[in-house]
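Novice:
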Amino acid sequence: MLHVNKDTPHRKASNSCKQILNDMIACYQNTICYKKTNTTFEDCLHNQDLREIDENCIILKKAYAQCRRNLLNGNYKLKGNPLSR
1395 MLHVNKDTPH RKASNSCKQI LNDMIACYQN TICYKKTNTT FEDCLHNQDL REIDENCIIL
1455 KKAYAQCRRN LLNGNYKLKG NPLSR
């Protein structure tokens, strides 16, 4: 059985998309769609109107989707996910 010491720091996955996800959530929370209209966060994610959603948020959403796809790509298992850096 594997014994893990609770005091030992453990490495985090290097290919995680968590940073892009956090940046995307923060970006969408600062949009007109989320702040000023009475719209849910999920509805704002599907909104493509550039008057309500910042273009950077849409770019982050696409980058997050690509990062998630790269997690399943065998080529990046050894090299590392380029979008997770």
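For the sequence shown, this note's numbering assigns the number 1395 to the initial residue and increments by one for each residue that follows. Virtual Cβ for every residue (Gly too), placed ideally from N, Cα, C. Keep in mind the model is a prediction, meaning the values are calculated, not measured.
Considering only the alpha carbon of each residue, which of His1440, Leu1454, Cys1461 lies closest to Ala1420?
Specialist: Translated into positions along the sequence shown, residue 1420 becomes position 26. That would be Leu1454, whose Cα lies nearest to the Cα of Ala1420.
Novice: Using the Cα positions of Arg1445 and Asp1401, report the straight-line distance between them to the nearest angstrom.
Specialist: Counted from its first residue, the sequence shown places residue 1445 at position 51. Counted from its first residue, the sequence shown places residue 1401 at position 7. Between Arg1445 and Asp1401, the C-alpha separation is close to 49 Å.
Novice: Whole angstroms are fine: how far does the CA of Leu1415 sit from the CA of Gln1460?
Specialist: For this step, residue 1460 is matched to residue 66 along the sequence shown. For this step, residue 1415 is matched to residue 21 along the sequence shown. Distance between the alpha carbons of Gln1460 and Leu1415: 12 Å.
Novice: How about Cys1411 and Tyr1458: are their beta carbons less than 7 Å apart?
Specialist: For the purposes of this step, residue 1411 is taken as residue 17 along the sequence shown, with counting starting at 1. For the purposes of this step, residue 1458 is taken as residue 64 along the sequence shown, with counting starting at 1. Their beta carbons are under 7 Å apart, which means Cys1411 touches Tyr1458 by this criterion.
Novice: Between which residues of its own chain and Tyr1422 is the CB-CB distance below 7 Å, once the five residues before and five after are set aside?
Specialist: Counting from one through the sequence shown, the residue named residue 1422 turns up at place 28. Answer for Tyr1422: Tyr1428, Phe1435, Cys1438, Leu1439, Cys1451, listed in chain order.
Novice: Using C-beta distances below 8 Å, list every residue in its chain close to Asp1448, excluding the 5 sequence neighbours before and after it, in chain order.
Specialist: Residue numbering aside, residue 1448 sits at position 54 when the sequence shown is read from its first letter. Correct list, in chain order: Cys1421, Asn1424, Thr1425.
Novice: In three-state terms, what does DSSP make of Leu1444?
Specialist: Here residue 1444 refers to the residue found at position 50 when the sequence shown is read from its first residue. Coil, per DSSP.
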